[in-house]
């Protein structure tokens, strides 16, 4: 993984690059970000840059022996610790080292996946992953060895908040008395679940979520989606590339067109047309129905923000901007909250297997009333 392969995050990339160039590499660093963020990808790119044999000003070279091995995750000085559990293939003594082939496959497929995807990948069924106390013994042995080829021995610990207390205490001792030329890169999602004594001994790097525009760019480059579909997914993904990847297979309708038509019929109180739309809504399938209602909430929020101050909306494609401008004249402080609550209630009922056609028609009649409340 190289920095150039990660969309956006220029400010964070520069911080990491300068730390190496100025020889200010902290021995323990915490890459903190939500699931689907760039925290693991940035840690991988950083590790690649650190041991690159021909560093460029803004990235690793990608061609030296170290980079080639890092790209395949087989560098002898690059090690991983991650939550695991017993499976059919590893029936006892589950340690990270026994899952390295699966881990390489998993990360090379996408560094933005989450714990649930990892557990499914190794066939854990309904078991919970953990970094066990036995893992800490392996970690101590691992870091006692000198680097084979690179300047540093690097250990990436993915989701350290899932460490057994004994493993966390062993890590704490290592951080207090770090072995020479050894770096610990902790990639976490919930700092509050880590020992405070561990976080206090790390240099914390807050990794923001991807912007909506960055998610759109990723979807277009990775899945070759058209702009409209990519934007609809990005609005639902909330900055997570993992969520965006799932949504590419879940979304099968043009949410924007359906929503604008729905609102027009509600405003005009065209009951027959709304009943016809309820048939289309029912045909979507439950996951699409839930995603559509979340999309509707997101777009309504943009309408409300636009009505307060147009500058609060950073970017909208022309068709959406035209709709938002017109619809913002109908949405006021008197009905905005009620509309949001109605969409939330519809989502709640769909999630609990209510009849989608009845939910849609009922919500349509309620929304029609709110739109004329003004």
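Residue numbers (the numbering used here): 1173 to 1546.
Yeah, the Cβ is synthetic: ideal placement off N, Cα and C, and Gly gets one too.
These figures come from a predicted structure and were not determined experimentally.
Specify, as a first and last residue, the run of the alpha helix (DSSP H) that residue i falls within.
i	result
residue 1455	1443-1455
residue 1499	1490-1499
residue 1504	No alpha helix (DSSP H) holds residue 1504; DSSP gives it neither H nor E.
residue 1462	1458-1480
residue 1436	1427-1440
residue 1532	1528-1543
residue 1243	1237-1243
residue 1191	1182-1193
residue 1418	1413-1422
residue 1217	1211-1222
Which first and last residues belong to the beta strand (DSSP E) in which residue i is found?
i	result
residue 1203	1200-1204
residue 1325	1325-1330
Which partner residues of residue i appear in the DSSP bridge assignment?
i	result
residue 1278	None, per the DSSP bridge assignment.
residue 1335	1303
Tell me whether residue i is buried or exposed, calling it buried when 16 or more other Cβ atoms sit within 10 Å of its Cβ.
i	result
residue 1291	buried
residue 1196	exposed
residue 1520	exposed
residue 1247	buried
residue 1207	buried
residue 1335	buried
residue 1530	exposed
residue 1185	buried
residue 1249	buried
residue 1318	exposed
residue 1528	buried
residue 1378	exposed
residue 1524	exposed
residue 1295	exposed
residue 1283	buried
residue 1516	exposed
residue 1413	buried
residue 1457	exposed
Between residue i and residue j, is the Cβ-Cβ spacing less than 7 Å?
i	j	result
residue 1522	residue 1389	no
residue 1333	residue 1360	yes
residue 1354	residue 1201	no
residue 1314	residue 1251	yes
residue 1543	residue 1496	no
residue 1402	residue 1409	no
residue 1215	residue 1357	yes
residue 1255	residue 1301	yes
residue 1363	residue 1204	yes
residue 1407	residue 1467	yes
residue 1425	residue 1460	yes
residue 1513	residue 1539	no
residue 1369	residue 1344	yes
residue 1440	residue 1533	no
residue 1219	residue 1174	no
residue 1253	residue 1329	yes
residue 1276	residue 1311	no
Ranges of the alpha helix (DSSP H) found wholly within the stretch 1251-1319, counting only runs of at least 4
1272-1281, 1287-1293, 1305-1315
Ranges of the alpha helix (DSSP H) found wholly within the stretch 1350-1398, counting only runs of at least 4:
1368-1371, 1384-1395
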